[in-house]
Amino acid sequence: MKRLFKSKKIISLLTTLSLVFTLITGFPVAAYAQESDKVFNLVEITDFHGALTDSSGNPVAAVLADRLNEIKQSNPERTLIMSGGDLYQGSATSNIMKGVPVQEVMTKIGLEVTALGNHEFDWGLNTIIDTTMKGAGYSIVCSNLYNKNTGKRVFDPYKVITKDGIKIAIIGGITNETPSIVLPDNIKDYEFRDLTNEINSVAKEIKQNNLADVVLVLVHEGDNRDNATGPIFDMANQLNNVDAIFGGHTHSKVCGNATNTKIPVYIGNSYGKGYINTKVTITKGKKIEFEKPTYENSYVALDNETGYKSTNPKVNSEIEQMVKKADETTNPITQEVIGLNTEKELTRIQQASPYGSSVLGNWAADITKDTAGAEIGFQNNGGLRIDIPKGEITVGTMWKFMPFDNTVYKLNMKKSDIKEVLEQAVGEGGKGLQISGIKFAYDSSRPSGNRVIDITRDNGTSINDTEILTAGAPDFLATGGDGFKAFIKCGGSNPSNDTHIVIRDAFIDWCRANKDANGNNTIPNSNNNRIMNKVVLEKVAA
Numbered sequence: 001m002k003r004l005f006k007s008k009k010i011i012s013l014l015t016t017l018s019l020v021f022t023l024i025t026g027f028p029v030a031a032y033a034q035e036s037d038k039v040f041n042l043v044e045i046t047d048f049h050g051a052l053t054d055s056s057g058n059p060v061a062a063v064l065a066d067r068l069n070e071i072k073q074s075n076p077e078r079t080l081i082m083s084g085g086d087l088y089q090g091s092a093t094s095n096i097m098k099g100v101p102v103q104e105v106m107t108k109i110g111l112e113v114t115a116l117g118n119h120e121f122d123w124g125l126n127t128i129i130d131t132t133m134k135g136a137g138y139s140i141v142c143s144n145l146y147n148k149n150t151g152k153r154v155f156d157p158y159k160v161i162t163k164d165g166i167k168i169a170i171i172g173g174i175t176n177e178t179p180s181i182v183l184p185d186n187i188k189d190y191e192f193r194d195l196t197n198e199i200n201s202v203a204k205e206i207k208q209n210n211l212a213d214v215v216l217v218l219v220h221e222g223d224n225r226d227n228a229t230g231p232i233f234d235m236a237n238q239l240n241n242v243d244a245i246f247g248g249h250t251h252s253k254v255c256g257n258a259t260n261t262k263i264p265v266y267i268g269n270s271y272g273k274g275y276i277n278t279k280v281t282i283t284k285g286k287k288i289e290f291e292k293p294t295y296e297n298s299y300v301a302l303d304n305e306t307g308y309k310s311t312n313p314k315v316n317s318e319i320e321q322m323v324k325k326a327d328e329t330t331n332p333i334t335q336e337v338i339g340l341n342t343e344k345e346l347t348r349i350q351q352a353s354p355y356g357s358s359v360l361g362n363w364a365a366d367i368t369k370d371t372a373g374a375e376i377g378f379q380n381n382g383g384l385r386i387d388i389p390k391g392e393i394t395v396g397t398m399w400k401f402m403p404f405d406n407t408v409y410k411l412n413m414k415k416s417d418i419k420e421v422l423e424q425a426v427g428e429g430g431k432g433l434q435i436s437g438i439k440f441a442y443d444s445s446r447p448s449g450n451r452v453i454d455i456t457r458d459n460g461t462s463i464n465d466t467e468i469l470t471a472g473a474p475d476f477l478a479t480g481g482d483g484f485k486a487f488i489k490c491g492g493s494n495p496s497n498d499t500h501i502v503i504r505d506a507f508i509d510w511c512r513a514n515k516d517a518n519g520n521n522t523i524p525n526s527n528n529n530r531i532m533n534k535v536v537l538e539k540v541a542a
C-alpha cells in the first residue's frame with residue numbers, strides 16, 4: 001500500500017513538473033525527444049554571395065565549415081544543410097571563377113539542396129548550370145521557374161531526402177520580383193509563375209501521394225527586416241501541407257511564426273555572418289514538433305569575436321586550403337593596388353534614405369555619365385555593394401563594390417522622361433537612384449507619382465521641356481531593371497546604345513588615372529545634396 005501511494009506521488013510530481021515546464025517554455029515535454037523519437041538538425045545558410053572571406057580577409061567559409069561539421073558529427077544521420085540561394089555572385093574570387101570555388105566549398109561542407117536566387121541569373125543561368133554546378137554535390141530546386149519555349153520547369157520543384165528513415169521533402173522557389181530586379185536579357189527565356197500557387201500545388205501533390213513525412217519550403221524570398229512581416233510571411237500565411245519555411249533574399253536573420261498558419265519561418269542572414277540551426281523532433285507516430293523559432297534557439301552568429309572575427313578562429317583546415325588555392329588563382333588580378341584612400345571611409349549612406357544621394361552614389365553616377373560621354377548620369381543603389389574603407393584600393397575592392405558585369409548605355413531623355421524616372425525612384429515602393437549632372441527636390445508627403453517638385457542641372461540652371469539631354473545608365477536600368485520602364489523608350493531597347501564598357505572597369509580605370517604623386521585617390525568624400533526631400537529639410541529647419 002505504501003509503495004502504491006509512493007508511486008502515485010511520483011506520478012503526481014512528474015505531472016506537475018511537466019505542466020510547469022510547458023507553462024515556462026511554451027513547449028510540451030514531448031518536444032524533448034523520447035527514446036523512440038528522432039531529433040533532426042535543419043541548417044540553412046543563405047545569400048552567401050561568394051564570401052569565402054570577408055572584406056578584411058577573415059576566414060568566413062573555413063569557420064562556417066568548422067561549425068557545420070560539428071553539427072554533423074553530433075547528429076550524423078539527422079542533419080540537413082540547405083541554402084536559400086544567391087550563393088556565388090559577390091566577391092572577386094568567386095566572380096572571376098564563375099562561382100566554382102564556392103560550389104566546391106559548399107559541396108565539401110555537405111550542402112544538399114539550394115534554392116535559386118535572383119543573382120544566379122547575373123552570369124546567365126546556363127553558366128550556373130553548365131559551369132558553376134558541374135560536379136556539385138547538391139542540387140537546385142525551384143517550383144515556379146519555367147522555360148517559355150517548352151512550358152516545363154527548369155529545375156525539379158522539390159527533392160526528397162531520407163534521413164534515418166524519415167523522408168524530408170524540400171520544395172524550392174524564387175521571389176516573384178525576380179523579373180524586375182534582373183537584367184531583362186538574362187531572363188528572356190523564362191517565365192516566373194506565382195510562388196505561393198506553385199508551392200501549394202507541389203505540396204498538395206506530395207501530401208496526396210504520401211511522398212514525404214516532413215515538407216519544408218526553401219525559397220529565395222524575404223521579410224521586411226522586422227522578423228514579422230513581408231513577402232515570406234504573406235506567403236507562409238497562405239500555404240497548406242507545409243511544416244516550415246526557410247528563406248533568403250533580404251539579407252536578414254529571421255526566426256518567427258506566420259500569424260495565421262503558425263508555420264515556422266527562418267532566414268539565415270547573409271555573407272556567412274550566421275546560419276540557422278533549428279531542431280525538429282519526429283515522434284514514433286511521426287508527429288512533427290519544431291522547437292520555438294527564436295534567435296536564441298535557432299540562429300548562430302559568426303560575425304563576432306567567437307566566430308571568424310576571432311584573433312585565432314577555429315577553422316576547418318581543408319576548407320581553409322581550398323579558399324587559399326582559389327585566392328592564389330585570382331590574386332594577380334585582384335591584389336593590384338590602384339589607389340589609396342587616406343581619408344575616412346567612403347560610404348553609401350544616403351542623406352535622406354531611402355531616396356537620398358550618397359558619397360559613393362554621386363561618384364558612381366559621375367563615372368557612368370562620363371563613360372557614356374553624356375550630360376547626365378544614373379546609377380541604381382542596388383548595384384553598389386560595399387563601402388570603400390580607408391587604406392589601399394585594389395582591383396578586388398572594385399569587384400566587391402560593383403560585382404556585376406553591367407555595361408554603360410547612352411540614352412536620350414527629355415525633361416518629362418527624367419521626371420518619370422525620378423517619380424518612380426521616390427514613389428511608393430521606389431528604390432531611389434543616384435544621379436549626376438542634375439539636382440532635384442521632392443516632397444515625400446505628396447501622393448506617389450506627383451512628388452518631384454523641381455529638376456535642374458547641377459549648376460542650378462533650368463532644363464527646357466523640349467530639350468533633349470544625353471544620359472548614361474547601367475544596362476540594368478536602361479533595359480528596365482528595378483521596374484524603370486521609362487529608360488526603355490529613351491533608347492534602352494536598342495542594343496546599339498550599349499557602349500559595351502563594363503562599369504566596374506570604368507571605376508578601376510578612374511582610380512588608376514586619378515591619383516596624386518603619393519598614390520592617393522581623390523574620390524570626393526562629400527555629399528553635395530543632389531537629392532533633397534522637402535519634408536526632411538523642413539524638419540531640420542524647424
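Heads up: the sequence shown begins at 1 in full-length UniProt numbering, then just goes up one per residue.
The beta carbon of each residue, even a glycine, is placed where N, CA and C say it ideally should be.
Given the structure is predicted, the values throughout are model-derived calculations rather than measurements.
| Item | Value |
| --- | --- |
| Buried or exposed (CB count within 10 angstroms, at least 16 for buried), H249 | buried |
| Span of the beta strand (DSSP E) around T371 | No beta strand (DSSP E) contains T371, which is instead part of the alpha helix (DSSP H) from 359 to 372. |
| Coil, strand or helix - Y308 by DSSP | coil |
| Host alpha helix (DSSP H) of N69 (start-end) | 60 to 74 |
| Sequence-distant residues of its chain with Cβ nearer than 6 Å to L218 (five each side left out) | M82, A115, I170, G172, F246 |
| Distance between beta carbons of G268 and E44, contact taken as under 8 Å | 4 Å |
| At least three beta-carbon pairs within less than 8 Å, the stretch 485 to 500 to the stretch 441 to 453 | no |
| Contact set for A62: own chain, Cβ-Cβ below 6 Å, skip 5 residues either direction | V315, N316, I319, E320 |
| Cβ distance (whole Å) where R530 is taken to contact S298 below 8 Å | Actually they do not touch by this definition, with Cβ atoms about 43 Å apart. |
| Contact the stretch 272 to 282 vs the stretch 141 to 151: 3+ CB pairs below 8 Å | no |
| Residue(s) in a DSSP beta bridge with N521 | K515 |
| Beta-carbon proximity of I455 to I463, cut-off 8 Å | yes |
| Test item: CB-CB of D223 and V254 under 8 Å | yes |
| Same chain only: Cβ atoms within 7 Å of T25, ignoring 5 sequence neighbours per side | The pLDDT assigned to T25 is 41, lower than 50, so where the model puts this residue is not dependable, and the model offers no usable value. |
| Simplified DSSP state of S436, which is helix, strand or coil | strand |
| Buried or exposed by the 16-neighbour rule on C-beta atoms within 10 Å, applied to A352 | buried |
| C-beta atoms of R451 and D387 nearer than 8 Å | no |
| CB contact flag (D482, S180, <8 Å) | yes |
| Nearest neighbour of N58, chosen from W510, T311, H49 [CA to CA] | T311 |
| Stretch-stretch touch, CB-based, cutoff 8 Å, three pairs: the stretch 230 to 237 with the stretch 100 to 120 | no |
| Whether N118 touches V182 by CB criterion (8 Å) | yes |
| Reduced DSSP secondary structure (H/G/I, E/B, other) of H220 | strand |
| Own chain partners of residue 586 with C-beta closer than 6 Å, once the 5 adjacent residues on each side are dropped | Residue 586 lies beyond the residue range present for the chain, which begins at 1 and ends at 542; the question has no answer from this structure. |
| Between the CA atoms of L340 and L195 - distance to the nearest angstrom | 46 Å |
| Close-in-space but distant-in-sequence residues of the same chain around Y158 (CB under 8 Å, 5 per side omitted) | V141, S143, A169, I170, I171, G172, V202, I206 |
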